[in-house]
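Engineer:
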Amino acid sequence: MEEQKCKCGCSECHCKCCCECKCCSEHECSCNKMPLIGDDAPSFKARTTMGEINFPEDYKGKWVILFSHPADFTPVCTTEFIEFASMHEDFKKLNTELIGLSIDSIYAHIAWLRTIKEKIEYKGRKNVEVKFPVIEDIKMEVAKKFGMIQPNASSTQAVRAVFIIDDKAKIRAILYYPLSAGRNMQEIKRLLLSLQKSDKEGIATPANWQPGEDVIIPAPGSCGAAKERAEKKQADVHCIDWFLCFKKEKK
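Going letter by letter, the sequence shown gives residues 67 to 317 in this note's numbering.
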């Protein structure tokens, strides 16, 4: 039997036979498969509202927040873009670039972003200009690489995905929201700050942590180290038990 591409049309699909046959049910199909935390972020070239980008080469040494939205000229997405654009400079100060994506043409993107700047006011913000690139992904090539298309939600729109990618192009965090719920940009920033602080200081952050609050020292890995920690007193460390110790942030 002559081999065929999967009916889903994915050129990278592991199964080359008809997707409905027994063979495909026994093998993993890569279509719409999302990369995992710790994986290298998939590379891509794409046309955007700020010109063509080559990822990750164009972003060497920088953190990236890559996020998808269902469609241009939709109400929830409009509020999200106003929030992201308003925080763009804050992210840049954290060595972080924003990249948006939806399954729309570059012309739809441009028209929508012009409408946001010229006509939309949200929470007192108006004349907001979106200065980060928004990917044209009509063929869903980038969306499929990142698992942003989830057929039970929509086969033609990307869900609200967020990938935080570090300065070595590794995926460090993944957030997924349904089509109906707008994202919390302050939480995305908080998560980014936590990851960067953890990398720099070798610590962890507790539940509901906010910048400036105490952080957690990793648990000791041996009985001897646990005993030493329980007995040793440090001015800037507070231990509730041998495995749960907080380090005070310097003011």
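Backbone N, C-alpha and C define an ideal beta-carbon position, used for all residues, glycine too.
Treat the numbers as computed from the prediction; the structure is a model and nothing was measured.
1. Between the segment 246-254 and the segment 271-282, do at least 3 Cβ pairs fall closer than 8 Å?
2. Ignoring anything shorter than 4 residues or poking outside the segment 242-316, list the alpha helix (DSSP H) runs there in chain order.
3. Who are the near neighbours of A151 in its chain, counting only those whose CB is closer than 6 Å to its CB and skipping five residues on each side?
4. Would you call C289 buried or exposed, if buried means 16 or more other Cβ atoms sit within 10 Å of its Cβ?
5. According to the neighbour-count rule (16 or more other Cβ atoms, all chains shown, within 10 Å of its Cβ), is L310 buried or exposed?
6. Taking the alpha-carbon of N250 as reference, which of K234, K263, R226 and A235 has the nearest alpha-carbon?
7. For a quick check, are the C-beta atoms of F133 and L160 less than 9 Å apart?
8. Buried or exposed for A209, going by 16 or more other Cβ atoms inside 10 Å?
9. Tell whether a beta-carbon distance below 9 Å holds between E163 and W129.
10. Once the 5 residues before and after M116 are set aside, which same chain residues still bring their CB inside 6 Å of it?
11. Quick one: give me the first and last residue of the alpha helix (DSSP H) that V208 is part of.
12. Going by CA-CA distance only, name the one from A301, V281 and A291 that's closest to E315.
Structural biologist: Taking the structure as given:
1. no
2. 251-267 and 289-297
3. As a position in the sequence shown, residue 151 is number 85, starting the count at 1. Excluding sequence positions up to five before and after A151, its CB lies within less than 6 Å of the CB of V194 and V196, all in the same chain and listed in chain order.
4. Here residue 289 corresponds to residue number 223 of the sequence shown, with the count starting at 1. Flag for C289 reads exposed.
5. Stepping through the sequence shown from its first residue, residue 310 is reached at position 244. Exposed, because fewer than 16 other Cβ atoms sit within 10 Å of the Cβ of L310.
6. Locating residue 250 in the sequence shown gives position 184, where the first residue counts as 1. Ranking the options by Cα distance to N250, first place goes to R226.
7. Within the sequence shown, the letter at position 67 stands for residue 133. Within the sequence shown, the letter at position 94 stands for residue 160. Against a cut-off of 9 Å, the Cβ pair of L160 and F133 comes out as no contact.
8. Position 143 of the sequence shown holds residue 209. Buried, because 16 or more other Cβ atoms sit within 10 Å of the Cβ of A209.
9. By one-based count along the sequence shown, residue 163 stands at place 97. By one-based count along the sequence shown, residue 129 stands at place 63. It is a contact, given that the beta carbons lie within the stated cut-off.
10. Working through the sequence shown from its first residue, we reach residue 116 at position 50. So the list reads P199, once near-sequence residues are dropped.
11. In the sequence shown, residue 208 corresponds to position 142, counting from 1. DSSP places V208 inside the alpha helix (DSSP H), whose first and last residues are E207 to K211.
12. Here the question's residue 315 lines up with position 249 in the sequence shown. Nearest of A301, V281 and A291 to E315, Cα basis: V281.
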